[in-house]
Amino acid sequence: MISGKKVVLGISGGIAAYKAVDVCRRLMEQGAHVVPVMTSGSKKFIGEVTLSALASEPVKSSLWEEDDPIPHTTLGQEADVILVAPATARLIGTYAAGISSDLLTATLLASRAPVVLCPAMHTEMWEHPAVQDNIRTLQNRGVVIIAPEDGKLAGGDIGQGRLASTQSNVSAVERVLVPNDLADLKILVTAGGTREPIDPVRFITNRSSGKQGYAIAEAAVARGAAVTLVTTVDREAPIGTQVLCAETADDLRSVVMSCAENHDVIIMAAAVADFQPANPADQKLKKTSLSSNLELEPTYDFLVDLGEGKLPHQTIVGFAAETEELEKNAKDKLERKNLDLIVANDVTAPNTGFSYDTNEVLLLSDEGNTTVPLSSKRVVADRILDAVTELRK
Ligand SMILES: Cc1cc2nc3c(=O)[nH]c(=O)nc-3n(C[C@H](O)[C@H](O)[C@H](O)COP(=O)(O)O)c2cc1C
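If you read the sequence shown in the numbering used here, its first letter stands for residue -15, the second for the next number, and so on.
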């Protein structure tokens, strides 16, 4: 949903300016058009080449030297959102006082777009009554303030003042941009590959990284859903999700089946093993006692149970990772398992599937097929959720 939106990324001159690089990267990954605007103070902390190279356009920083004779009104009027990360005490004070002394403050004043400010400064500065008054003034005008976090500050001090995490700052942008179209839904997403033990130290698994499932959870939270993420991988979960852990196909089944009926949408992005060792050992097997033939048995296919036992309010989404006959195999799975939607990808295609940050998928339902071309997993996540909302209409 952030995809295609024009984000003016303001960077002012504090130690945390280097973190703006990560914010820029995350916004770009999500398909935003990012225009970096740097104060002269911020250039003491990071080089503009870095941001120019990563963003959609080169850095802008002057009211007088840009190609555009009125850069601040163009930027302000074209922006879908303005994010300032980090926002210094100086920037906050100047903006609150309505003073347009540089390109960034002039752009803020020349815009009617939503504004998200992410302050970062020493605790004494943050707690100063003048700064707090300015923050309140801006909040009363509708500016979204992402409060700085507690932790280590420059110079070894500890206290509130650290720039909030990249994820919090980017999520705030999403919240102001993204429609709350999933606000009434409870969505369960599974992510990652299961691990099937051979003995206490060995297991068989697959190449799933969990990235697509996490991207779906992140997108669903941003669109207002209450999200439960059942995961086999240890990654930072999107803020606002309820996280439940599982390791094996059996674990995943019991966790999902125990809470499935409380969810309106179940999206099975996890790569659940089809086979598990028939007789996992309690003790580590000695090299000499390892058989050259590992006896496997099929895991229980609980997606069939979910499809067959589907409640009237439920939408069930399955995934099919294929290496051949993508459409045929996916269609077969859709029908056999009574699913509403299947997300199929050819994992042998370049930059697609396991571990990559990008994916190209075919969405299949009774309503027809749609191809989502190679895009970031987050963009693919939004297209999957769009398809779910269409099916539920
Ligand atoms: C080493 C150093 C670190 C600084 N860190 C911060 C900071 O984290 N937050 C802040 O508000 N000001 C900080 N300042 C003060 C700002 O750099 C100063 O107010 C500057 O005028 C801000 O310019 P700008 O807001 O135009 O970028 C720092 C100054 C120095 C010398």
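Ideal placement from N, C-alpha and C gives every residue a C-beta, glycine not left out.
These numbers were taken from a predicted model, which means no experiment stands behind them.
Sequence-distant residues of the same chain with beta carbon closer than 8 Å to residue i, five excluded per side
i, result
"valine 5", "Ile30, Thr34, Leu35, Leu38"
"proline 357", "Glu344"
"phenylalanine 259", "Glu180, Ile188, Leu280, Glu281, Pro282, Thr283"
"valine 21", "Val(-8), Leu(-7), Gly(-6), Ile(-5), Val43, Lys44, Ser45, Leu59, Leu87, Leu88, Thr91"
"leucine 47", "Pro55, His56, Asp86, Leu87, Ala90"
"cysteine 243", "Leu172, Thr212, Leu228"
"alanine 221", "Tyr198, Ala201, Leu213, Thr215, Val227"
Beta-bridge partners of residue i, as assigned by DSSP
i, result
"leucine 348", "Ile326, Asn353"
"methionine 109", "Per DSSP, none; premise fails for methionine 109."
"asparagine 343", "Ser359"
"glutamate 133", "Arg146"
"glycine -6", "Val21, Val68"
"glutamine 61", "Partner(s): none; glutamine 61 has no beta bridge."
"proline 103", "Ala71"
"glutamine 260", "Glu281"
"alanine 255", "Gly177"
"lysine 3", "Its beta-bridge partners do not exist; DSSP assigns none."
"valine 331", "According to DSSP, which records beta bridges pairwise, valine 331 is partnered with nothing at all."
"valine 128", "Val100"
Residue nearest to residue i in terms of C-alpha spacing, selected from the options
i, options, result
"threonine 23", "Gly15, Met12, Val7, Lys44", "Lys44"
"alanine 265", "Phe259, Leu274, Asp258", "Leu274"
"glutamate 292", "Ala71, Lys317, Asp165, Lys321", "Lys321"
"proline 296", "Asn246, Asn329, Leu147", "Asn246"
"valine 18", "Leu(-7), Glu32, Glu62", "Leu(-7)"
"leucine 67", "Val249, Leu161, Lys271", "Leu161"
"arginine 120", "Ile76, Leu93, Ser155", "Ile76"
"isoleucine 368", "Val100, Arg96, Ile200", "Ile200"
"alanine 209", "Thr232, Arg237, Leu169, Pro53", "Leu169"
"leucine 11", "Ile(-14), Glu32, Lys3", "Ile(-14)"
"valine 239", "Thr272, Thr215, Asp350", "Thr215"
"isoleucine 223", "Ser149, Ala262, Thr272, Leu290", "Ser149"
"aspartate 141", "Asp52, Ile130, Asn263, His106", "His106"
"valine 100", "Glu319, His112, Glu158, Lys315", "Glu158"
"glycine -12", "Gly139, Glu13, Lys3", "Glu13"
"threonine 225", "Val256, Arg191, Ser155, Ala233", "Ser155"
"glycine 352", "Leu375, Val364, Glu62", "Leu375"
"arginine 186", "Gly139, Asn124, Val115, Lys270", "Lys270"
"glutamate 41", "Thr72, Pro53, Arg9", "Arg9"
"valine 7", "Cys102, Glu319, Ala80, Val363", "Cys102"
"aspartate 285", "Asn277, Asn313, Lys317, Lys312", "Lys317"
Cβ-Cβ separation, residue j to residue i (assumed contact under 8 Å), whole Å
i, j, result
"valine 301", "valine 372", "7 Å"
"lysine 361", "glutamine 151", "At roughly 15 Å, the Cβ-Cβ gap does not stay under 8 Å, so lysine 361 and glutamine 151 are not in contact."
"alanine 254", "threonine 178", "7 Å"
"phenylalanine 338", "serine 193", "6 Å"
"aspartate 330", "leucine 310", "5 Å"
"threonine 355", "methionine 252", "Not really, about 21 Å apart at Cβ, beyond 8 Å."
"alanine 167", "aspartate 366", "No, alanine 167 and aspartate 366 are not in contact; Cβ-Cβ is about 16 Å, not under 8 Å."
"leucine 236", "valine 227", "Incorrect: roughly 14 Å between the Cβ atoms, too far for contact."
"asparagine 164", "arginine 207", "7 Å"
"valine 65", "proline 98", "5 Å"
"leucine 122", "isoleucine 129", "7 Å"
"serine 257", "alanine 233", "Inspection of the sequence shows that residue 257 is occupied by alanine rather than by serine. Their Cβ separation, rounded to whole angstroms, is 5 Å, which keeps alanine 257 and alanine 233 in contact under 8 Å."
"tryptophan 110", "glycine 145", "5 Å"
"alanine 63", "lysine -10", "6 Å"
"glutamine 267", "proline 334", "About 43 Å; that fails the 8 Å criterion."
"serine 359", "threonine 342", "6 Å"
Residues near residue i in its chain [Cβ-Cβ closer than 7 Å; skip 5 each side]
i, result
"glutamate 50", "Lys44"
"lysine 28", "Gly(-3)"
"leucine 287", "Met252, Gly302, Lys321"
"serine 26", "Ile(-5), Ser(-4), Gly(-3), Ala1"
"glycine 143", "Thr107, Asp134, Leu137"
"lysine 315", "Leu348"
"alanine 305", "Ala255, Asn329, Val331, Gly337"
Close Cβ partners of residue i (< 6 Å) along its chain, the five nearest in sequence each way excluded
i, result
"alanine 104", "Gly(-2), Ala0, Pro70, Pro132, Leu147"
"alanine 16", "Ile(-14), Lys(-11), Val(-9)"
CB contact check: residue i to chain D, cutoff 8 Å
i, result
"alanine 262", "Chain labels in this structure do not include chain D; a single protein chain is all it has."
heavy atom of ligand 3 below 7 Å from residue i C-beta
i, result
"isoleucine 30", "This structure does not include ligand 3; its bound ligands are ligand 1."
(request) Enumerate, from N- to C-terminal direction, the unbroken beta strand (DSSP E) stretches of 3 or more residues contained entirely within the stretch 143 to 229. (result) Here the runs fully enclosed are 170 to 175, 210 to 215, 226 to 229.
(request) Write down every uninterrupted run of the beta strand (DSSP E) in the stretch 271 to 325 whose length is 3 residues or greater and which is fully enclosed by it, in chain order. (result) With a minimum length of 3 residues, the continuous beta strand (DSSP E) runs that stay inside the stretch 271 to 325 are 280 to 282, 299 to 306.
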